[in-house]
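Shown next, in structure tokens, is the structure this report addresses.
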Amino acid sequence: MTPDPLTDAALREAVVALAYRAGNAILEVYESDFAVQHKDDRSPLTAADLASHRCIVEGLAALTPDIPVLSEESADEIDLATRRGWSRLWIVDPLDGTREFIKRNGEFTVNIALVDAGEPVFGVVQAPVTGVAWFGGRAEGATRRGGGTDRSLDVRAPALSPLRVAASRSHRDERTERFIGRMGEVEPVGLGSSLKFCRIAEGGIDVYPRFGPTSEWDTAAAQCVLEGAGGAVLDLQGRPFRYNQRDTVLNGEFIALGDRSLPWREWLGA
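Note that my numbering numbers the sequence shown so that position 227 is 232, with each residue one more than the last.
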């Protein structure tokens, strides 16, 4: 029987190590003269996405052979009926922030999340360029690993003015600007990929509004980290994000925040 990642600390450590190996596979491509292809939806794809995908899928199959994997790079191969029949699964983005990867600004991550009955329960976000990893979940707390040390994470609560608000480097729209405009005195922080959630978990950012499109693999792992640090990822009705519960893998709009008492509904406006 497959060990349970929720009760087996050694297995969770093995998943963190797997994220690092995937990050190293990405760096091998990052340091080369790589080519860029495009998927049917025009999103970019590189050899790094595929190398990381292979590393993670093979690694998870060895560690937890009874738990299926939903990866961005193989999602099209899994039919809806099969996917919806999975009560427990890994949700993986082998390279979150491919646009940032192409820009060579270092703001991209490896995302691996365990989802149980729709709830994200354990996740790892690893930044290949810096070598930092964030991991954990609501039950066990969140940890930042970097420079040979581990540090427990807590969000900034209460969040004091000026509020620090995450602004995507690749995705900004008028609705986001209006939301930020209602927040009062703010300090915008530009950051790519799942790093925004991790910075909230560290206490360095307070709010991340997202009204544009994302997919489940973009948020699941980072939600685990943020919830482990005391924060939340909420839909616009105030409900925690859930996964593999719908016919689509596209997320709805969301607000990620550290201090749960912030009046984010007021900032949405009419």
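Even glycine gets a Cβ: it sits at the ideal position worked out from N, Cα and C.
Check residue i in the structure and name its three-state DSSP category.
i      : result
TRP272 : helix
TYR248 : coil
ARG143 : coil
GLN42  : strand
TRP91  : coil
ASP155 : strand
GLY123 : coil
PHE216 : coil
LEU11  : coil
ALA27  : helix
ALA234 : coil
GLY64  : helix
GLU190 : coil
ALA164 : coil
Between residue i and residue j, what straight-line distance do the alpha-carbon atoms span, to the nearest angstrom?
i      : j      : result
ALA162 : CYS203 : 15 Å
ARG270 : GLY209 : 22 Å
ARG247 : ALA86  : 18 Å
GLN42  : ALA66  : 27 Å
ALA22  : GLY195 : 28 Å
ALA40  : ALA52  : 8 Å
ALA171 : ASP101 : 16 Å
SER286 : GLY243 : Residue 286 lies beyond the stretch modelled for the chain, which goes from 6 to 275, so this question has no answer here.
ARG150 : ALA138 : 5 Å
VAL238 : LEU32  : 29 Å
PRO125 : ASP81  : 22 Å
LEU16  : SER57  : 19 Å
GLU63  : THR219 : 25 Å
ALA118 : ILE107 : 24 Å
THR224 : CYS60  : 20 Å
GLU36  : PRO268 : 44 Å
ASP9   : ASP121 : 11 Å
PHE113 : LYS201 : 11 Å
ASP240 : TRP222 : 16 Å
LYS44  : THR181 : 27 Å
VAL230 : ASP38  : 33 Å
Determine the burial state of residue i: buried for a count of at least 16 other Cβ atoms within 10 Å of its Cβ, exposed for fewer.
i      : result
ASP98  : buried
ASP252 : exposed
THR154 : exposed
ASP211 : buried
PRO167 : exposed
ASP48  : For the sequence presented, residue 48 should be read as Ser rather than Asp. Its Cβ having fewer than 16 others within 10 Å, SER48 is exposed.
ALA144 : exposed
GLU78  : buried
PRO187 : Looking at the sequence provided, one finds Arg at residue 187 rather than Pro. Under this definition ARG187 is an exposed residue.
ALA164 : buried
ASP54  : buried
PRO70  : exposed
GLU105 : buried
GLU179 : exposed
GLY236 : buried
Taking the CB atoms as reference points, tell me whether residue i and residue j lie closer together than 8 Å.
i      : j      : result
ILE185 : PRO193 : yes
THR12  : LEU50  : no
LEU75  : ARG88  : yes
ALA147 : ALA226 : no
GLY197 : ASN110 : yes
ILE128 : GLN228 : The question names Ile, but residue 128 in the sequence shown is Gly. Result yes, Cβ atoms of GLY128 and GLN228 sit closer than 8 Å.
LEU68  : ALA14  : no
ALA24  : VAL115 : yes
PRO263 : VAL160 : In the sequence as presented, Pro is not what sits at residue 263; that position holds Gly. Yes, Cβ-Cβ distance for GLY263 and VAL160 is below 8 Å.
ASN249 : TRP91  : yes
LEU158 : GLU207 : yes
ARG156 : GLY274 : no
Does the beta-carbon of residue i, which I'm using as the reference point, lie nearer than 7 Å to any heavy atom of the ligand MN?
i      : result
GLY141 : In the structure on display, the ligand MN does not appear, and there are no ligands present to speak of.
Of all the CB atoms in chain C, is at least one closer than 8 Å to the CB of residue i?
i      : result
GLU145 : Annotation note: the requested chain C is absent from the structure, which comprises a single protein chain.
Inter-stretch contact (C-beta, 8 Å, three-pair minimum) for the stretch 19-31 and the stretch 128-136: yes
Cβ pair count under 8 Å reaching 3, the stretch 212-219 against the stretch 250-260: yes
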